[in-house]
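A.B. asks: Handing you a structure now.
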Amino acid sequence: MSDPLRLGIAGLGTVGAGVVKIVRRKAELLEARTGRPVTISAVSARTRDKDRGVSLADYSWEDDPVALATRGDVDVFVELMGGSDGPAKAATEAALAAGKDVVTANKAMLAIHGQALAEAAEAAGRVLRFEAAVAGGIPVIKSLTEGLAGNDLTRVMGVMNGTCNYILTRMESAGLSYDTVFDEANQLGYLEADPTLDVGGIDAAHKLALLAAIAFGTRVDFDGVEIEGIERISIDDIRRARDLGFRIKLLGVAQMTGRGLETRMSPCLVPASSPIGQLEGPTNMCVLEGDAVGQIVLRGAGAGEGPTASAVMSDVLDIARGTRVSTFGVPAARLAHATPARTATPAPYYLRMELKDRPGALAQIATVLGEAGISIDRMRQYKHAADTAPVLIVTHKTARDALDAALEAMPGTGVLAGEVVALRIESV
Ligand code: HSE
């Protein structure tokens, strides 16, 4: 019989417990698929005495994740603690230095330290894999590094924060305010301990930075991601966008342009009839575009015990089978330094404003847009409430700089009652 692949698992929250369950319950299947038994030698977590819905009695216990990571009876260190630094990073580095392969679900750690850790893995002749770090159960890392390896990737997009998609779709379906649905999401346990990671777009931006590195062969550049959260999206915008045939999504877009690498995580309008437009609830979607393959759409659960443990096991089973892929698809030394694009690719924009009921008000706004070189595609004015009326404008494609110039000039017209909302319309 072949030698078993022995795991050491640090972090026994939802995902860790899910991994233990799969290893215990599917032992025969895992061995049949890889040709060797997959076992667990030891585990580690902050609290030992806690019911995790699965027995840990067969495994050694370590209080210290670094001690776990360096044990002689561990071949693969499975890091499921989270946090960009601290114990997760220390234990990952210790595991690699001790000659262990590492599987992690830690997007924050990789988004910030991915290059150094990939280099450390290669220097030690080990692999560092992270399928579970991006879009939960969706095998997007494997799709990019292996399934689409023969393509020049042209664009990668994703709705990769289920909490935000839940909030936006629930606001629309129930006609509720952002604050009300945020509280609901909190009660459902969807929000991270620090909710700004979700609603501020940071969690999703970590994931986008990782996908961009693989897709474009560049060093992970989280700082280069332009990030805007969903906190300012109102039910008014969701309704008005729907009237125009769009839905609002926290959308990540990465593409290599002549101006550099463009990576954006921001609320965008997308056609309601598109796959991304139809994405409901806490589900994730990744859209990958390659020169040979065209467009691939992957949809599935972005979080939760089963889906995330499924992704962890995908990496574990690759290691058991002897499939060894560089962390970001090419050796770390060959990853190029990314130059972030300073301006976004031109796009149409949705503008919503409240205009005073005054002769020439619309004309003044149209003039400001015209002077900034922005052409109007569609315009809609709704019924007046008292002496103001909501106006929607969809522009033709325009550069963000031109739009910013127009937005800056608009208050000077004196016809605005309130702030102008501007959201990019992404062609998906
Ligand atoms: N908080 C994330 C989400 C899950 O809502 O999708 C883990 O990244």
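Quick note: this note's numbering has the sequence shown finishing at residue 1530, numbered continuously throughout. The C-beta atom is built at its ideal place from N, Cα and C for all residues, glycine as well.
1. Residues in its own chain within less than 6 Å of R1154 by CB, not counting five upstream and five downstream?
2. Quick check for students: name the residue ranges of the alpha helix (DSSP H) that lie wholly in the region 1224 to 1296, counting only runs of 4 or more.
3. Assuming the contact rule is C-beta atoms closer than 8 Å, V1258 and L1230 should be a hit. Round their C-beta distance to whole Å, please.
4. Determine, using beta-carbon pairs with one atom in the region 1417 to 1431 and one in the region 1281 to 1298, whether at least three such pairs fall under 8 Å.
5. Assess contact between the region 1424 to 1439 and the region 1334 to 1351, defined as three or more Cβ pairs (one per stretch) separated by less than 8 Å. Is contact present?
6. Here's a check: name, in chain order, each residue in its chain whose Cβ is nearer than 6 Å to the Cβ of S1146, leaving out the five neighbours to either side.
7. For A1199 versus A1235, is the C-beta distance shorter than 8 Å?
8. Can you give, in chain order, each stretch of the beta strand (DSSP E) that sits fully within the region 1442 to 1490 and has at least 3 residues?
9. Shorter than 7 Å, the distance from the beta carbon of N1208 to the closest heavy atom of the ligand HSE, or not?
10. Rank I1467, D1305, M1273 and A1251 by C-alpha distance to the C-alpha of A1261 and give the top, closest one.
11. Is the closest heavy atom of the ligand HSE to the C-beta of D1165 under 7 Å?
12. K1209 bridges to which residues according to DSSP?
13. Leaving aside the five residues before and after P1189 along the sequence, list all residues of the same chain whose C-beta is less than 7 Å from its C-beta, in chain order.
14. Considering only residues of the region 1168 to 1219, which uninterrupted alpha helix (DSSP H) runs meet the minimum length of 4 residues and lie entirely inside it, listed in chain order?
15. Evaluate the contact criterion for the region 1488 to 1497 versus the region 1440 to 1456: three or more CB pairs, one atom per stretch, below 8 Å.
16. Excluding the five sequence neighbours on either side, which residues of its own chain have a C-beta within less than 6 Å of the C-beta of H1486, listed in chain order?
17. What three-state label does DSSP hand R1127 in the structure shown?
18. Is it true that the CB of V1121 sits closer than 8 Å to the CB of G1411?
19. Tell me, please, whether the region 1439 to 1450 touches the region 1357 to 1370 by the rule of three or more beta-carbon pairs shorter than 8 Å.
20. Under the three-state reduction of DSSP, which class applies to P1513: helix, strand or coil?
21. If you drop the 5 nearest sequence neighbours on each side, which residues of the same chain put their C-beta closer than 7 Å to that of D1300?
22. Grouping DSSP H, G and I as helix and E and B as strand, with all else coil, what is K1351?
23. Going by DSSP, which residues form a beta bridge with A1112?
24. Give me the residue from G1331, D1160 and S1104 with the minimum Cα distance to G1110.
25. DSSP on P1377, reduced to helix/strand/coil?
26. Is P1492 helix, strand or coil when you go by DSSP?
27. Comparing the CB of A1405 with every heavy atom of the ligand HSE, is any distance shorter than 7 Å?
28. With 16 other CB atoms within 10 Å as the buried threshold, where does H1439 fall?
C.D. replies: In brief:
1. Here residue 1154 refers to the residue found at position 52 when the sequence shown is read from its first residue. Hits under 6 Å: L1114 and A1119.
2. 1264 to 1276 and 1280 to 1289
3. As a first step, residue 1258 is located in the sequence shown; it is residue number 156 there, counting from the start. As a first step, residue 1230 is located in the sequence shown; it is residue number 128 there, counting from the start. Incorrect: roughly 21 Å between the Cβ atoms, too far for contact.
4. no
5. no
6. Against the sequence shown, residue 1146 aligns to sequence position 44. For S1146, where only same-chain residues beyond five positions count, the Cβ hits under 6 Å are A1112, E1164, P1167 and L1170.
7. Residue mapping note: residue 1199 aligns to position 97 of the sequence shown, counting from 1. Residue mapping note: residue 1235 aligns to position 133 of the sequence shown, counting from 1. No, the pair does not count as a contact, with Cβ atoms beyond the cut-off.
8. 1451 to 1458 and 1478 to 1483
9. One-based indexing of the sequence shown puts residue 1208 at position 106. Incorrect: N1208 has no Cβ contact closer than 7 Å to the ligand HSE.
10. Taking the first residue of the sequence shown as position 1, residue 1261 is located at position 159. What sits at residue 1261 in the sequence shown is Val, not Ala. Measuring from the Cα of V1261, the nearest candidate turns out to be D1305.
11. By one-based count along the sequence shown, residue 1165 stands at place 63. Result no, Cβ not under 7 Å from the ligand HSE.
12. What you label residue 1209 is simply residue 107 of the sequence shown in a count that begins at 1. Paired residues: none, contrary to the question.
13. Along the sequence shown, one-based indexing puts residue 1189 at 87. P1167 and M1183, listed in sequence order.
14. 1188 to 1199
15. yes
16. Numbered from its first residue, the sequence shown carries residue 1486 at position 384. Only D1459 meet the Cβ criterion.
17. For this step, residue 1127 is matched to residue 25 along the sequence shown. Of the three classes helix, strand and coil, the one that applies to R1127 here is helix, per DSSP.
18. Taking the sequence shown and counting its residues from 1, one reaches residue 1411 at position 309. Taking the sequence shown and counting its residues from 1, one reaches residue 1121 at position 19. Here residue 1411 is Ala; the residue named in the question, Gly, does not match the sequence. Yes; because the gap between Cβ atoms is below 8 Å, this pair is in contact.
19. yes
20. Residue mapping note: residue 1513 aligns to position 411 of the sequence shown, counting from 1. It is helical.
21. Taking the first residue of the sequence shown as 1, we reach residue 1300 at position 198. Same-chain partners within the cutoff: N1263, T1265, C1266, L1293 and E1294.
22. For the purposes of this step, residue 1351 is taken as residue 249 along the sequence shown, with counting starting at 1. Note: K1351 maps to strand in three-state DSSP.
23. Taking the sequence shown and counting its residues from 1, one reaches residue 1112 at position 10. DSSP output for A1112 lists S1146 and E1181 as bridge partner(s).
24. Locating residue 1110 in the sequence shown gives position 8, where the first residue counts as 1. Among G1331, D1160 and S1104, the Cα nearest to that of G1110 is on D1160.
25. If you number the sequence shown from 1, residue 1377 lands on position 275. In this structure, P1377 counts as coil in the three-state DSSP scheme.
26. Locating residue 1492 in the sequence shown gives position 390, where the first residue counts as 1. Three-state result, P1492: strand.
27. For the purposes of this step, residue 1405 is identified with residue 303 of the sequence shown, where counting begins at 1. Correct: A1405 has its Cβ closer than 7 Å to the ligand HSE.
28. Here residue 1439 is taken as the residue at index 337 of the sequence shown, counted from 1. Label assigned to H1439: exposed.
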